[in-house]
Amino acid sequence: MDKAAIEQFIFERIRAAVEITAAECVRQLNAGGHSFANTSDGLVWIDENADEILEVTCPIGVGISSLDEAILPPDAATEKFMTLALSGSDKAATVLFRFEGDLANGGFGQLFENKGVGFVREAIGYLQDIGASAAAKITLQALEIHEQRQPVVREYEQLQADLERLDRRFTRLGIDIPTLYAHFTSKT
125 MDKAAIEQFI FERIRAAVEI TAAECVRQLN AGGHSFANTS DGLVWIDENA
175 DEILEVTCPI GVGISSLDEA ILPPDAATEK FMTLALSGSD KAATVLFRFE
225 GDLANGGFGQ LFENKGVGFV REAIGYLQDI GASAAAKITL QALEIHEQRQ
275 PVVREYEQLQ ADLERLDRRF TRLGIDIPTL YAHFTSKT
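Just so we're aligned, residue 125 is where the sequence shown starts under the working numbering, counting upward by one.
Printed below as a string of structure tokens:
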């Protein structure tokens with residue numbers, strides 16, 4: 125198999141395992157009183173009784189690279205940081221780990237949405253403590269912009285809430301667009 129075929133093979137096997145595991149979890153939830161029904165997408169279920177949609181997202185990345193391009197195992201300092209951060213035994217390491225993860229994953233927008241202003245202020249303090257003054261300064265600038273735009277953020281949150289209400293109403297309609305389309309085109 126070439127690189128692309130190997131990557132696709134592994135991706136498909138992992139996706140299948142996720143689908144099987146998610147379906148088993150839904151069976152257990154339904155046994156516990158939920159009524160999630162499968163949709164055409166293997167990772168989306170609807171519980172119309174509770175007006176809820178359960179969606180499992182699992183981004184999968186598979187890649188083959190040459191040894192000279194490979195990411196090397198972390199050094200001792202990184203290992204120590206990760207151990208402290210993941211165990212929660214060192215608050216600064218835990219905050220900085222979560223800060224870095226959200227920032228790398230979705231930028232400042234995701235950081236503020238997921239963690240909030242208080243967390244960001246705390247992270248700025250820890251960045252200053254460890255000597256990352258340039259990173260602290262940029263983060264402080266992002267915080268200032270975020271705080272200046274709070275009215276816009278609140279307006280956006282209201283927009284999202286309004287749209288979510290319409291999403292639920294649309295879903296409750298239970299219309300079958302493919303069937304309606306087939307019926308429509310059969311008349312013409």
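Positions of the beta carbon are idealized from the N, C-alpha and C atoms, including for glycine.
- In this structure, leucine 283 keeps its C-beta atom at 9 Å or more from the C-beta atom of leucine 251.
- DSSP places glutamate 176 in the strand class (E or B) of the three-state scheme.
- With contacts defined by Cβ atoms closer than 9 Å, isoleucine 188 and threonine 295 do not form a contacting pair.
- By the criterion of a C-beta distance shorter than 6 Å, leucine 178 is surrounded in its chain by Phe160 and Trp169, once the five residues flanking it on both sides are discounted.
- Residue environment analysis places leucine 235 among the buried positions, since at least 16 neighbouring C-beta atoms fall within 10 angstroms of its C-beta.
- Note that the C-beta distance between valine 142 and valine 180 is below 9 Å.
- Rounded to whole angstroms, serine 310 and valine 277 show a C-alpha spacing of 47 Å.
- If one requires a minimum length of 4 residues, the alpha helix (DSSP H) runs lying completely within the region 227 to 308 are 257 to 272 and 274 to 297, in chain order.
- In the structure shown, valine 186 falls within a coil segment according to DSSP collapsed to helix, strand and coil.
- Around the beta carbon of leucine 227, 16 or more other beta carbons lie within 10 angstroms, which makes this residue buried.
- The alpha carbon of arginine 289 has as its nearest neighbour, out of Phe308, Phe243, Glu176 and Glu237, the alpha carbon of Glu176.
- Here the alpha carbons of tyrosine 305 and methionine 206 stand approximately 54 Å from one another.
- With contacts defined by Cβ atoms closer than 9 Å, asparagine 162 and alanine 147 form a contacting pair.
- No residue range can be given for phenylalanine 160, since it is assigned to no alpha helix (DSSP H) and is classified by DSSP as neither H nor E.
- Distance check between threonine 218 and each of Leu287, Thr202, Phe308 and Gly230 places Thr202 closest, using alpha-carbon atoms only.
- Here the alpha carbons of glutamate 279 and alanine 260 stand approximately 28 Å from one another.
- Of Leu210, Ile301, His307 and Thr263, the smallest CA-CA separation from valine 244 is found for Thr263.
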